[in-house]
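Asker: One structure coming up, written as structure tokens, with questions to follow.
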Amino acid sequence: MKHQAYIMKKLKNSLICFIVVLLVACGGTNKQEANAQGFGAIENILKSRFGDGAHYTDLTITYNETIGNIVGVTVTDAPESLKMGQWTYSLGNWNQTSEITLEIPEGTKAADFMFQLGDMVNLGQLGELVEKSKEQLTTEKGIENPSLHMAFIKMPKNGNREKMEYVVMLKPENGGTTFTFSYGLNGVLAHLN
């Protein structure tokens, strides 16, 4: 029985590694489209790098026309340590930019100020909201082919998860005003600036 569990675990780990290698070989996060499938692939890369149980206080996907997607995260696998790493992923490489120590109000838990992927936050849903925002911008403002400038998860400073938001920032193909769409975690548009 133990041997079977060991083999299944090895098989699962091998499959995850294969998927990550395949994604990186095909462009990784850099060439992922700003849609549900592309952002879902980015979520898988994050989980393979930091683990399914990682806790985040910041997750941003920025699109640069020259190099593609740049993913920035502030993450830890041990929230109670109050220590987090800030990481950037671009062009297939991870770079740790800094380490930070959180300060939280007395009597609270660090995890209350963090989120986990697949828990309340789903990058596939964020990708769907990018698509929805592009359609709305084209329909309502007549802007053809808007491009992703930035998409991120906004975690309130007070740790109120009910007020977490998906934020999508789009800009016209040839530059100009950036349009910001803010959505609740339920996917309902809260406001457009």
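Residue numbering for the sequence shown follows the numbering used here, beginning at 17 and increasing consecutively.
A virtual CB, placed ideally from N, CA and C, is assigned to each residue, including glycine.
Note that the coordinates shown come from a computational prediction; the quantities given were computed from them, not determined experimentally.
#1: What does a CB cutoff of less than 8 Å around K187 pick up in its chain, not counting 5 residues either side in sequence?
#2: Can you tell me which of the three DSSP states D68 falls into?
#3: Does the stretch 82-93 touch the stretch 59-66, meaning 3 or more C-beta pairs lie closer than 8 Å?
#4: Give me, in chain order, the residues of the same chain whose beta-carbon lies closer than 6 Å to that of L38; leave out the 5 immediate sequence neighbours on both sides.
#5: According to DSSP, simplified to helix, strand and coil, what is V89?
#6: Tell me the DSSP bridge mates of T78?
#7: Roughly how many angstroms separate the alpha carbons of E81 and N174, rounded to a whole number?
#8: If you follow the beta strand (DSSP E) that G200 is part of, which residue opens it and which one closes it?
#9: Reducing DSSP to helix, strand and coil, say where K99 ends up.
#10: How many angstroms separate the CA atom of V184 from the CA atom of G203?
#11: Let me know the secondary structure DSSP gives N209 once reduced to three states.
#12: Can you tell me where the alpha helix (DSSP H) holding K150 begins and where it ends?
#13: Taking the Cβ atom as the reference point for each residue, do M180 and L201 lie within a distance shorter than 8 Å?
#14: For Q112, does the three-state DSSP call read helix, strand or coil?
#15: Could you have a look at I61 and say whether DSSP puts it in helix, strand or coil?
#16: Please report the distance separating the alpha-carbon of A218 from that of E122.
#17: Classify G220: buried if its beta carbon has 16 or more other beta carbons within 10 angstroms, exposed otherwise.
#18: Just to confirm the assignment, what range does the beta strand (DSSP E) spanning L186 have?
Answerer: In short:
#1: P162, S163, H165, T193, T194 and F195
#2: coil
#3: yes
#4: Confidence at L38 is low in this model, with a pLDDT of 39, below 50, so the placement of that residue should be treated as unreliable; the coordinate-derived value is given next. Same-chain partners within the cutoff: there are none.
#5: strand
#6: I86 and M166
#7: 35 Å
#8: F195 to G200
#9: strand
#10: 12 Å
#11: coil
#12: L139 to K157
#13: yes
#14: strand
#15: helix
#16: Nothing can be reported for residue 218, as the shown portion of the chain is limited to 17 through 209.
#17: The structure shown does not extend to residue 220, since the chain is modelled only from 17 to 209, so the question has no answer here.
#18: E181 to K187
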